[in-house]
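Protein chains in written order, with my numbering: chain A, 1 to 236; chain B, 1 to 162.
Here it is, written out as structure tokens:
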């Protein structure tokens, strides 16, 4: 490129010197943020439609949109919780209880999301997969994976498969529900019975957890002298 | 580098480059704004790009086709590029219409080479990579563009001096 060529290009470059971008950076960022939030919600809705077959008013606690919403995701203006995901549904009921539907296989998709959804609905719960927890002095007896007092708190909904009503008013003071789901490897040992452990455990006291699954029916193998048992911080 | 810093330092340069590519002031601004929006959404990736401003301009120029498809009121000028048809006659947003006509007279690939080589100040190799063409092709396009522009720009320059 010779000097004449450079002059031509300099002239061309100079002819656009006065051209400046008028769009403020705030507009760029706000547009991008709004678009990203819409995509996240659309992704959640698409997953819900595929599995649950419902698509109205969908939100997920597991994938909250960026930025402060008017209400928490899955919570309507009346403070009711309605969450649909591929793994479960959580709905507040007029009587203060919480209706939950899940399949145990899908549970593993999002246990933390279910725990958050139940807590959002006002039901105190600890959910784990492959760990089984209890407080000091808790009765470790299990019948079909269910500890004492649980049946009054978690009741199957008549006529519905895998749908339960969680009743926080039935919880003894200072207690919360613990749900521990067996991993696929643990399920192979138990043959799916039990497929989970439910107990009422203290809210403000450290829990001791074990990774040893309960035997086929009855007392969890790790509930007595289990070397893998470890203390965990209290869960509130 | 943070996105805000990147935007404020590169927006005008990117706009001029895209303007050279599309020869329409408002279209160029819309395309650049959209490209920067996409850059913000993918900033974790764009910030590591060897030439983020080239990413923005490449994205903006790639958006041309879809932008024009959305704007049905515009009229094809015959070379694959369009001008507004609302009668205002100001597609350049106050720029010299003769300059815009001159840019439109160049083939699209020559305009793209000018955008990257002249207005983004990328070297031949970087321009070739950004446009997906051989370095020799970049040189050839630039040489032909200069040959076309030379007479017109020099004539205009001479007229201003007289």
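Glycine included, each C-beta is placed from N, C-alpha and C at the ideal position.
These numbers come from a predicted model, not from an experiment.
Report, in whole angstroms, the separation of the C-beta atoms of residue 116 (chain B) and residue 131 (chain B), which I expect to be a contact under 8 Å.
Residue 116 (chain B) sits at position 116 when you count from the first residue of the second chain. Residue 131 (chain B) sits at position 131 when you count from the first residue of the second chain. About 7 Å separates the Cβ atoms of residue 116 (chain B) and residue 131 (chain B), confirming a contact at the 8 Å cut-off.
Exposure label - residue 2 (chain B); buried when at least 16 CB within 10 Å:
Your numbering for residue 2 (chain B) matches position 2 in the second chain. Result: exposed.
Check the Cβ-Cβ distances between residue 5 (chain A) and every residue of chain B, and say whether any is below 8 Å.
The sequence position of residue 5 (chain A) within the first chain is 5, counting from 1. Yes - at least one Cβ of chain B is within 8 Å of the one on residue 5 (chain A).
Going by DSSP, what residues sit across from residue 14 (chain B) in a beta bridge?
Translated into the one-based positions of the second chain, residue 14 (chain B) becomes position 14. For residue 14 (chain B), which the question treats as bridged, DSSP gives no partner whatsoever.
Which whole-angstrom value describes the C-beta separation of residue 174 (chain A) and residue 202 (chain A), a residue pair presumed to lie in contact below a C-beta threshold of 8 Å?
By 1-based counting over the first chain, the position of residue 174 (chain A) is 174. By 1-based counting over the first chain, the position of residue 202 (chain A) is 202. Confirmed, about 6 Å.
With a 10 Å radius around its C-beta and 16 neighbouring C-beta atoms as the bar for buried, classify residue 100 (chain A) as buried or exposed.
Taking the first chain and counting its residues from 1, the one referred to as residue 100 (chain A) is at position 100. Buried is the call here.
Interface partners of residue 38 (chain A) on chain B, CB under 7 Å:
Against the first chain, residue 38 (chain A) aligns to sequence position 38. What residue 38 (chain A) touches in chain B: nothing, since even the nearest Cβ is about 11 Å away.
Can the beta-carbon of residue 134 (chain A) be found less than 8 Å from the beta-carbon of residue 208 (chain A)?
Reading the first chain from its first residue, position 134 is the one you call residue 134 (chain A). Reading the first chain from its first residue, position 208 is the one you call residue 208 (chain A). Contact flag set, yes.
Report the partner residues of residue 180 (chain A) according to the DSSP bridge assignment.
Along the first chain, read from residue 1 onward, the residue named residue 180 (chain A) stands at position 180. A:128, A:197, per the DSSP bridge assignment.
State the DSSP-derived secondary structure class of residue 144 (chain A), mapped to helix, strand or coil.
Taking the first chain and counting its residues from 1, the one referred to as residue 144 (chain A) is at position 144. It is coil, neither helix nor strand.
Go to residue 92 (chain A), then tell me how far its beta strand (DSSP E) extends in each direction, as first and last residue.
In the first chain, the residue the question calls residue 92 (chain A) occupies position 92. Segment 88-92, the beta strand (DSSP E) holding residue 92 (chain A).
Quick one: using the 10 Å Cβ neighbour count with 16 as the cut-off for buried, is residue 193 (chain A) buried or exposed?
Position 193 of the first chain, counting from 1, holds the residue named residue 193 (chain A). The Cβ neighbour count for residue 193 (chain A), taken over all protein chains shown within 10 Å, is under 16; the residue is labelled exposed.
Examine chain B for any beta-carbon lying closer than 8 Å to the beta-carbon of residue 182 (chain A), and answer yes or no.
For the purposes of this step, residue 182 (chain A) is identified with residue 182 of the first chain, where counting begins at 1. So no, residue 182 (chain A) is outside the interface.
Tell me where the beta strand (DSSP E) around residue 163 (chain A) begins and ends.
One-based indexing of the first chain puts residue 163 (chain A) at position 163. 163-166 is the span of the beta strand (DSSP E), which, as asked, contains residue 163 (chain A).
Do residue 166 (chain A) and residue 118 (chain A) have their C-beta atoms within less than 8 Å of each other?
Here residue 166 (chain A) refers to the residue found at position 166 when the first chain is read from its first residue. Here residue 118 (chain A) refers to the residue found at position 118 when the first chain is read from its first residue. Yes; because the gap between Cβ atoms is below 8 Å, this pair is in contact.
Residues, ordered as in the chain, of the segment 7-20 of chain A that lie near chain B by beta-carbon distance below 7 Å:
Close to chain B, meaning a Cβ-Cβ distance shorter than 7 Å, are the following residues of the segment 7-20 of chain A: 8, 9, 11, 12, 13, 15, 16, 19, 20.
What does residue 134 (chain A) pair with, by DSSP beta-bridge criteria?
In the first chain, residue 134 (chain A) corresponds to position 134, counting from 1. Residue 134 (chain A) pairs with A:208.
Interface flag, residue 174 (chain A) vs chain B, CB-CB below 8 Å:
What you label residue 174 (chain A) is simply residue 174 of the first chain in a count that begins at 1. Under the Cβ criterion of 8 Å, residue 174 (chain A) is not counted among the residues facing chain B.
Mind listing the chain A neighbours of residue 33 (chain B)? Cutoff is C-beta to C-beta under 7 Å, in chain order.
Numbered from its first residue, the second chain carries residue 33 (chain B) at position 33. Think of a sphere of 7 Å around the beta carbon of residue 33 (chain B): the chain A residues whose beta carbon falls inside it are 23, 28, in chain order.
Interface partners of residue 118 (chain B) on chain A, CB under 8 Å:
Start at 1 with the first residue of the second chain, and residue 118 (chain B) comes out as number 118. Result: 9, 12, 13.
Just list the residues that DSSP pairs residue 155 (chain A) with in beta bridges.
In the first chain, the residue the question calls residue 155 (chain A) occupies position 155. Paired residues: A:165.
Coil, strand or helix - residue 81 (chain A) by DSSP
Within the first chain, residue 81 (chain A) is the residue found at index 81, counting from 1. Reduced to three states, the DSSP call for residue 81 (chain A) is strand.
Chain-ordered chain B contacts of residue 31 (chain A) [CB-CB under 7 Å]
As a working note, residue 31 (chain A) is residue 31 in the first chain. Proximity of chain B to residue 31 (chain A) at the Cβ level (cut-off 7 Å) is accounted for by 37, in chain order.
Going by DSSP, name the residue or residues bridged to residue 202 (chain A).
As a working mapping, residue 202 (chain A) is identified with position 202 in the first chain. Beta-bridge pairing links residue 202 (chain A) to A:175.
Pair within 8 Å by beta-carbon distance, residue 152 (chain A) and residue 198 (chain A)
Numbered from 1 along the first chain, position 152 holds the residue referred to as residue 152 (chain A). Numbered from 1 along the first chain, position 198 holds the residue referred to as residue 198 (chain A). Result no, Cβ atoms of residue 152 (chain A) and residue 198 (chain A) do not sit closer than 8 Å.
Chain-ordered chain A contacts of residue 40 (chain B) [CB-CB under 7 Å]:
Residue mapping note: residue 40 (chain B) aligns to position 40 of the second chain, counting from 1. For residue 40 (chain B), the chain A residues whose Cβ falls inside 7 Å of its Cβ are 28, 29, 32, in order along the chain.
May I ask which residues mark the beginning and end of the alpha helix (DSSP H) holding residue 62 (chain B)?
The residue given as residue 62 (chain B) occupies position 62 in the second chain. Boundaries of the alpha helix (DSSP H) around residue 62 (chain B): 52-62.
So residue 3 (chain A) is in the alpha helix (DSSP H); what residue range does that whole segment cover?
Position 3 of the first chain, counting from 1, holds the residue named residue 3 (chain A). Per DSSP, residue 3 (chain A) belongs to the alpha helix (DSSP H) from 3-15.
Could you tell me which chain A residues have their CB closer than 7 Å to the CB of residue 124 (chain B), listed as they occur along the chain?
By one-based count along the second chain, residue 124 (chain B) stands at place 124. Near residue 124 (chain B) there are no residues of chain A at all, since even the closest Cβ is about 10 Å away, more than 7 Å.
Endpoints, the alpha helix (DSSP H) within which residue 21 (chain A) is located
Working through the first chain from its first residue, we reach residue 21 (chain A) at position 21. Going by DSSP, residue 21 (chain A) is part of no alpha helix (DSSP H) at all; its letter is neither H nor E.
By Cβ distance, which residues of its chain are closer than 7 Å to residue 165 (chain B), with the 5 residues on each side in sequence left out?
Examination of residue 165 (chain B) is not possible in this model, given that chain B is present from 1 through 162 alone.
Let me confirm a value: residue 143 (chain B) is counted as buried when at least 16 other C-beta atoms fall within 10 Å, else exposed. Which label applies?
For the purposes of this step, residue 143 (chain B) is identified with residue 143 of the second chain, where counting begins at 1. Burial call: exposed.
Using beta-carbon positions only, say whether residue 135 (chain B) and residue 128 (chain B) come within less than 8 Å of one another.
In the second chain, counting from the first residue as 1, residue 135 (chain B) sits at position 135. In the second chain, counting from the first residue as 1, residue 128 (chain B) sits at position 128. Result yes, Cβ atoms of residue 135 (chain B) and residue 128 (chain B) sit closer than 8 Å.
Please state whether the Cβ-Cβ distance between residue 28 (chain B) and residue 120 (chain B) is less than 8 Å.
Along the second chain, read from residue 1 onward, the residue named residue 28 (chain B) stands at position 28. Along the second chain, read from residue 1 onward, the residue named residue 120 (chain B) stands at position 120. Against a cut-off of 8 Å, the Cβ pair of residue 120 (chain B) and residue 28 (chain B) comes out as no contact.
Comparing the C-beta of residue 100 (chain B) with each C-beta of chain A, is any distance below 8 Å?
Within the second chain, numbered from 1, the residue matching residue 100 (chain B) stands at position 100. No, no contact with chain A.
Reducing DSSP to helix, strand and coil, say where residue 101 (chain A) ends up.
Taking the first chain and counting its residues from 1, one reaches residue 101 (chain A) at position 101. Here residue 101 (chain A) sits in strand by DSSP.
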